[in-house]
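If you count the first sequence from 1, position 3 lands on 3 in full-length UniProt numbering, and the numbers rise without skipping.
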Amino acid sequence: MGDEIRRNMALFPIGIVMKLTDLTARQIRYYEQHELIVPARTSGNQRLFSFNDVERLLEIKSLIEKGVNIAGIKQVMNPVSKESEDATVVSELSEVKRRELSDAQLHRLLKQQLIEKRPGKASMIQGQLSRFYNKK
DNA sequence: GTTCTAACA
DNA sequence: TGTTAGTA
């Protein structure tokens, strides 16, 4: 269960998630309004996304590209689980880590995340994140 | 400089 | 969805 916390650990601000997913801030916030994702918040009300959130966004993105609308996605995707909802917000700690998190470290985290042994989801996520982490 | 909410071309 | 206004 150590992996659970790692995936639900809120680490990145919307700017990084934009690069990771290739979605606009508008879209990301819009999907949150429709409860497709429930990112954590810092004490200053800034969103903090976890790997889980990024995965969900990538899944949403792929569905959108297939022509599915929000209503359709809501039916296909499981509602946000309770664990991923609260197993997070180490606000102070996360904010500190966020400052230290940059290119090199982000790549390391992404690689570590992508290498995890997960048959189903891993493949899709890897395909879409590879863009980001193979460049620069 | 970045992110947030709200609102409208 | 894009984009802009006014903040924090």
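C-beta: ideal position from N, C-alpha, C; glycine also. Predicted, not measured: the structure shown is a model, and the values here were computed from it.
Judged by DSSP in its simplified three-state form, L57 adopts helix. Under the three-state reduction of DSSP, A25 is assigned to helix.
For V76, the enclosing alpha helix (DSSP H) stretches over residues 70–76. Judged by their CB atoms, V76 and L63 are nearer to each other than the 8 Å cut-off. The residue among K74, P79, L11 with its C-alpha nearest the C-alpha of T42 is L11. Here the alpha carbons of N45 and I14 stand approximately 12 Å from one another. Straight across, the Cα-Cα distance linking F51 with Y31 is about 16 Å.
Within a 10 Å sphere around the beta-carbon of A71 sit fewer than 16 other beta-carbons, which makes this residue exposed. D22 places its beta carbon 8 Å or farther from that of I37. For R41, the pairing in a beta bridge is given by DSSP as R47.
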